[in-house]
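Colleague: Residue numbers (the working numbering): 56 to 233.
In this text, a Cβ means the ideal position worked out from N, Cα and C, and glycines have one as well.
Take this structure, written in structure tokens, and hold onto it; I'll ask about it next.
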């Protein structure tokens, strides 16, 4: 409900409480029937194109590669489907995509076929570099790889506090948490 109604502070409280459970990742990655996504809370956040909940869930340990039932779609698939269907939320969708890609080492998703079939639609929407990366034509930038490495080293229980403790410029810390 916190994701559906975009209540990020309530979601943060729930995720903080989940960190005290014996297995917080199993709680955060629990599959259920969220609207029509039949997946994890991250599937729902991506389907609704909510950047803050996407970042919160990923920071607290949600898996960006789990698939839903029965379609076997990843959160990235769900997000790209929504971006394709409603271009009016372009900025929110792109922020969600940036957050997701910081936590996915190698994007593997079903929508890659749709991207390859309609590059004239996807390239302007995603940008040439992002499109090339998603379809496997260009590797991730060194900047993106560095961010992925740093973020994977941070403990989910203290993810956002750990970012603030890193010896990084303030602007970069802001980018990582927004």
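Using a Cβ-Cβ cutoff of less than 7 Å, which residues in the same chain neighbour residue 154 once the five nearest sequence positions on both sides are dropped?
Modeller: 106, 109, 110, 113
Colleague: Got a sec, what are the start and stop residues for the alpha helix (DSSP H) residue 82 sits in?
Modeller: 79-83 is the extent of the alpha helix (DSSP H) around residue 82.
Colleague: Taking the alpha-carbon positions, what's the residue 116 to residue 173 distance?
Modeller: One alpha carbon belongs to residue 116, the other to residue 173, and they sit about 33 Å apart.
Colleague: To the nearest angstrom, report how far apart residue 193 and residue 167 are at their CA atoms.
Modeller: Pairing residue 193 with residue 167, the inter-Cα distance amounts to about 14 Å.
Colleague: Between which residues of its own chain and residue 178 is the CB-CB distance below 7 Å, once the five residues before and five after are set aside?
Modeller: Once the five neighbours on either side are set aside, the close Cβ partners of residue 178 are 186.
Colleague: DSSP three-state call for residue 210: helix, strand or coil?
Modeller: coil
Colleague: My assumption, with CB atoms under 8 Å, is that residue 57 sits in contact with residue 66. Please give the rounded CB distance.
Modeller: 4 Å
Colleague: Could you tell me whether the Cβ atoms of residue 104 and residue 140 are closer together than 8 Å?
Modeller: Taking 8 Å as the Cβ cut-off, residue 104 and residue 140 do not qualify as a contacting pair.
Colleague: Is residue 158 closer than 8 Å to residue 119 when the C-beta atoms are compared?
Modeller: yes
Colleague: Between which two residues does the alpha helix (DSSP H) carrying residue 102 extend?
Modeller: 96-102
Colleague: In whole angstroms, what is the alpha-carbon distance linking residue 234 and residue 123?
Modeller: Given a span of 56 to 233 for the chain in the structure shown, any question on residue 234 remains unanswerable.
Colleague: Can you give me the Cβ contacts of residue 63 inside the same chain, cut-off strictly under 7 Å, excluding the 5 residues immediately before and after it?
Modeller: 107, 108, 111
Colleague: Find out if the Cβ-Cβ distance for the pair residue 135, residue 162 is shorter than 8 Å.
Modeller: no
Colleague: So, with DSSP's three-state summary, where would you put residue 146?
Modeller: helix
Colleague: Can you grab the Cα-Cα spacing for the pair residue 227 / residue 86, in whole Å?
Modeller: 33 Å
Colleague: So residue 79 and residue 211 are in contact, right, with Cβ under 8 Å, and what is the actual spacing, rounded?
Modeller: 7 Å
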